[in-house]
Amino acid sequence: MFRKTKLLSLILILMLVITSAFTSAVFAKGTEAKIHKPGEVAFQHLQVLSDEIGQRVVGTKGESDAREYICSQFQRIGYDTVIQDFTFTRKGKEYSSSNVIAVKPGKSSEVVIVGGHYDSVAVGRGADDNASGIAVILEVAEALKKIKTPYTIKFVAFGAEEMGLQGSNYYVYEMSEEEIKNTVAMINLDSLAAGDKMYVYGDEGEDGWVRDQALNIAKKSKLNLETNPGLNPDYPEGTTGLWSDHAPFAGKGIPYGYFEATNWELGDLDGYTQTVLDGEIWHTEKDMISYIEKNYPGRIEERLSTFSQVLSDLLKFMNKSGIAKN
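Residue numbers (mature numbering (1 follows the signal peptide of the UniProt record, and there is no 0)): -23 to -1, 1 to 303.
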């Protein structure tokens, strides 16, 4: 979440190898091995990204380890995967990062981009912000692998979001005019695990159809998903600010849906204050699985399950012309 400022190496490598091998073994046989509840697979990815890899600051080993893990998981599932490298300069210093892109062909060649950032700040372990978003993306990518979807899906793990949306900006910069016109929507997942309430946002007017279809799916499934109530006039009902990876796509006129857990009824009514108990979790030392589980029992599991179910159904039944066909 980019808002308002917004022997050890060897051991870590061995841990990643062991974890990757374990994850592959668990899921290699798909549902033949075990039928997983929604959010269960995502939680395992969350543990690897947050507990085992930890901080994923741009330019550090943690970031590169996370990138390698995400790429290996897409490849294990069976997706063709591309690494999109980029460089940028911030405060006079040059940085390098990468986006990880996996493509699922659909019934139509029109594209839905599903993305979230995998980097973190240098405080806490980035469990909520944003290992949670990547974890749900990986779970849904696996769940949909053998299912025919109405649109081609590009799953993208963006680098360097915390440094100014660098990965998503670069991705959009590299899109041709034809690719932009062929993109039906962008769905962004950022900070899903800690906030008091679960939200989905979208554009104003008719371009808010992604949000509306997600809300309709959640209502039918009796899941507690809502949208920004519009208490702050700067952020009309159903919308949000341009502070995450949906922003560059919105700037090109691409409709977006944005999943997040926070609390729009607190603080400045701008969605930045996530919880009654702690205020913000993101960008603090509290952004780790152990703290969230201890102080908000069951919240992580509920959030991952809900977002996974809604995103999966949205991608299966999405219809740019009207109500989702579910």
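Just so it is clear, CB atoms sit at the ideal spot from N, CA and C, and this is done for glycine as well. Quick caveat: nothing in here was measured; it's all calculated off a predicted structure.
Sub-9 Å separation of Arg33 and Ser75 beta-carbons = Taking the C-beta atoms as reference points, Ser75 is found no nearer than 9 Å to Arg33.
Which of helix, strand or coil does DSSP assign to His94?
-> Note: His94 maps to strand in three-state DSSP.
Identified DSSP bridge partners for Ser73 = According to DSSP, which records beta bridges pairwise, Ser73 is partnered with Thr64.
Does the pairing of the region 104 to 115 with the region 271 to 288 give three or more beta-carbon distances under 8 Å?
-> Yes, the region 104 to 115 is in contact with the region 271 to 288.
From Val161 to His94, what does the alpha carbon distance come to, in whole angstroms?
-> Computed Cα separation, rounded: 20 Å.
Return the residue from the list Thr204, Thr261, Leu291 that minimises the CA-CA distance to Gly248.
-> Of all alpha-carbon atoms in Thr204, Thr261, Leu291, the one lying nearest the alpha-carbon of Gly248 is that of Thr204.
Relative to the alpha-carbon of Gly141, which residue among Ile130, Ser298, Gly39, Trp220 has its alpha-carbon at the smallest distance?
-> Considering only alpha carbons, the answer is Trp220.
In the structure shown, what three-state DSSP assignment does Tyr178 receive?
-> Three-state DSSP puts Tyr178 in a strand.
Going by alpha carbons, who is nearest to Asp211 out of Trp241, Phe236, Ala191, Lys196?
-> Residue Trp241 is the option with its Cα nearest to Asp211.
To the nearest angstrom, report how far apart Val100 and Gly207 are at their CA atoms.
-> Those two C-alpha atoms are separated by around 31 Å.
In the structure shown, what three-state DSSP assignment does Ser27 receive?
-> DSSP places Ser27 in helix when its eight states are reduced to three.
Have a look at Glu181, Gly234, Gln143 and flag the residue whose alpha-carbon is nearest the alpha-carbon of Arg67.
-> The shortest C-alpha to C-alpha distance from Arg67 to any of Glu181, Gly234, Gln143 is the one to Gln143.
Starting from the C-beta of Lys122, find all residues in its chain whose C-beta is less than 8 Å away, skip the five residues before and the five after it, and write them out in chain order.
-> Spatial neighbours of Lys122 in its own chain (CB-CB distance under 8 Å, excluding positions within 5 residues in sequence) are listed in chain order as Ile54, Gly55, Tyr56, Lys81.
What is the residue span of the beta strand (DSSP E) that Leu166 lies within?
-> Its beta strand (DSSP E) spans residues 160 to 166.
Grouping DSSP H, G and I as helix and E and B as strand, with all else coil, what is Leu202?
-> In the structure shown, the three-state DSSP call for Leu202 is strand.
Rounded to whole angstroms, what's the CA-CA distance from Ser73 to Ser85? Just pull it up for me.
-> Rounded to whole angstroms, the gap between the alpha carbons of Ser73 and Ser85 is 34 Å.
Per DSSP, Phe132 is paired with what?
-> DSSP lists Ala79, Val91 as the beta-bridge partner residues of Phe132.
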